[in-house]
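S.K.:
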Amino acid sequence: MADYFEEMGWQPLAEGQAPNHYLHFARLLRDFNIFDGLSEKLPPPVSKKVLESIPTITLEQDGKQCTICLKEYCKGDTAKQLPCKHLFHNTCILPWLTKTNSCPLCRQEMETDDEDYEAFRKEKMRAKQRESDIENLHNSMFS
Amino acid sequence: MANIAAQRIKREFKEVIKSEEVAKCAIRVELLNDTFTELKGEIAGPPDTPYEGGTFVLEIKVPETYPFNPPKVRFVTKIWHPNISSVTGAICLDILKDQWAAAMTLRTVLLSLQALLSAAEPDDPQDAVVAKQYKENNEMFQITARHWTNVYAGGPNINKDCDDKIRRLADMGIEEHQARVALSSYDWELERATEQLFS
Ligand SMILES: [Zn+2]
Ligand SMILES: [Zn+2]
Chain A
1 MADYFEEMGW QPLAEGQAPN HYLHFARLLR DFNIFDGLSE KLPPPVSKKV
51 LESIPTITLE QDGKQCTICL KEYCKGDTAK QLPCKHLFHN TCILPWLTKT
101 NSCPLCRQEM ETDDEDYEAF RKEKMRAKQR ESDIENLHNS MFS
Chain B
1 MANIAAQRIK REFKEVIKSE EVAKCAIRVE LLNDTFTELK GEIAGPPDTP
51 YEGGTFVLEI KVPETYPFNP PKVRFVTKIW HPNISSVTGA ICLDILKDQW
101 AAAMTLRTVL LSLQALLSAA EPDDPQDAVV AKQYKENNEM FQITARHWTN
151 VYAGGPNINK DCDDKIRRLA DMGIEEHQAR VALSSYDWEL ERATEQLFS
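Residue numbers (full-length UniProt numbering), protein chains in the order written: chain A, 1 to 143; chain B, 1 to 199.
1. Note down, in chain order, every chain B residue with its Cβ under 7 Å from the Cβ of P19 (chain A).
2. Alpha carbons only, please: which of B:R180, B:A5, B:F198 and B:C25 is nearest the one belonging to R146 (chain B)?
3. What does the alpha-carbon distance come out to for the pair P82 (chain B) and T37 (chain B)?
4. Using a Cβ-Cβ cut-off of 8 Å, state whether I68 (chain A) counts as contacting chain B.
5. Determine the chain B residues that contact E92 (chain A) at a beta-carbon separation under 8 Å, and present them in chain order.
6. Output the boundary residues of the alpha helix (DSSP H) element that contains E195 (chain B).
7. Assign R74 (chain B) to one of two classes, buried (16 or more other C-beta atoms within 10 Å of its C-beta) or exposed (fewer than that).
8. Going by CA-CA distance only, name the one from B:R107, B:Q142 and B:I79 that's closest to D48 (chain B).
9. Can you name the residues of chain B whose CB is closer than 7 Å to the CB of L105 (chain A)?
10. Using the three-state DSSP reduction, which class does E59 (chain B) fall into: helix, strand or coil?
11. Just curious, the alpha helix (DSSP H) that A2 (chain B) is in, first and last residue?
12. Quick check on Q52 (chain B): does DSSP put it in helix, strand or coil?
13. Which of helix, strand or coil does DSSP assign to S102 (chain A)?
14. Could you please go through the chain and list the residues whose beta-carbon is closer than 5 Å to any non-hydrogen atom of ligand 1?
15. Using a C-beta to C-beta distance shorter than 7 Å, which residues of chain A count as neighbours of F198 (chain B)?
16. Whole angstroms are fine: how far does the CA of A18 (chain A) sit from the CA of A26 (chain A)?
17. Could you tell me whether the segment 46 to 61 of chain A touches the segment 70 to 89 of chain A, using the rule of 3 or more Cβ pairs below 8 Å?
18. For E72 (chain A), collect the residues of the same chain with a Cβ closer than 6 Å to its Cβ; drop the 5 residues on either side in sequence, then sort them by chain order.
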């Protein structure tokens, strides 16, 4: 049986040892996706300043679709344009941006009013920048 | 927010019903309540896979924050696949997690699941036992997946050898599904499966 335990990454119990029921229970919870909800915590809403500065544009032709409600825009309709250039109806995007700070289509993040989150977000952006700097350097050296 | 979700599902419902995949009987959605939060999905097993000929039922729960967050989807029909739990039906698929985007719909979800049945990703498994078999004994994986399709999803390919071995365990008092899981996990080696069941 040893091979089965090895395959599963488990260890057989030694003489006199009792199974760890907490561990089993945790595995059960994981298998039934109980933890999923916990990791879904959203980043804080867009800052008031950014929210107010999001431009409203008037569409010049029919055809494009709001990806939140799936209705097509008609010529003359207005829409909000996020910094990533994605367009949404005001009534469709507003409830989302009062909850969190990203474009629901491309996930690009915007500034928030939450100091702790901002520190974390800037660190994340710096890390990304460093990665691309290194990549550029690498490409310029080896191309 | 709940209102946006309900409106969206209503629209999508029409979209799926009108789509050509439905005409080909490949995907289907059905409403289970009038608040548009619970749906039943169905996908046909793709051709040239062990799932061919089977119909797989999905449980779809629409969160209040839909379409900003993905629907929660789970296989109700038991299935043998590296990215789907053979115990709970939980699915490991990026678009149902962090790769979700608001523009996706129930139709894209069902079609992506169908694509997942055609092309498993054993390196990002949901079911470690199935993924291991998929990588190390693919022929056995194909046999097992086809057998499960036959038994649970109405697939046409009866495997007499599998059925016989399950019957032998059933004769020893083992419940049928439990016997199938043990045999599937041990590459249909009756001896090893028996050992595990009685240990
Ligand atoms: Zn809209
Ligand atoms: Zn965007």
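Beta carbons are placed, not taken as given, at the ideal position from N, Cα and C, and that holds for glycine.
All values reported here derive from a predicted model rather than from experimental measurement.
M.R.: The short version:
1. Those within 7 Å of P19 (chain A) in chain B number zero; the least Cβ separation is about 14 Å.
2. When only C-alpha atoms are compared, the closest one is B:R180.
3. Between the alpha carbons of P82 (chain B) and T37 (chain B) lies a gap of roughly 28 Å.
4. I68 (chain A) belongs to the set of residues whose beta carbon lies under 8 Å from a beta carbon in chain B.
5. Note that residue 92 (chain A) is Cys in the sequence shown, not Glu. Near C92 (chain A) (Cβ distances below 8 Å), the residues of chain B are I4.
6. Where E195 (chain B) is concerned, the enclosing alpha helix (DSSP H) stretches over L190 to F198.
7. Per the 10 Å Cβ criterion, buried.
8. Of B:R107, B:Q142 and B:I79, the residue nearest in Cα terms is B:Q142.
9. Residues of chain B whose Cβ lies closer than 7 Å to the Cβ of L105 (chain A) are, in chain order, A101, A102 and A103.
10. Three-state result, E59 (chain B): strand.
11. A2 (chain B) -> alpha helix (DSSP H) spans A2 to K18.
12. The sequence shown places Glu at residue 52 (chain B), rather than the Gln named in the question. Correct three-state label for E52 (chain B): coil.
13. Strand at S102 (chain A).
14. Matched residues: A:C66, A:I68, A:C69, A:H89 and A:C92.
15. Per Cβ cutoff of 7 Å: no residues; F198 (chain B) is ~12 Å from chain A at best.
16. In a straight line, the C-alpha of A26 (chain A) is about 16 Å away from that of A18 (chain A).
17. Verdict: yes, contact present.
18. Result list for E72 (chain A): Q65, in chain order.
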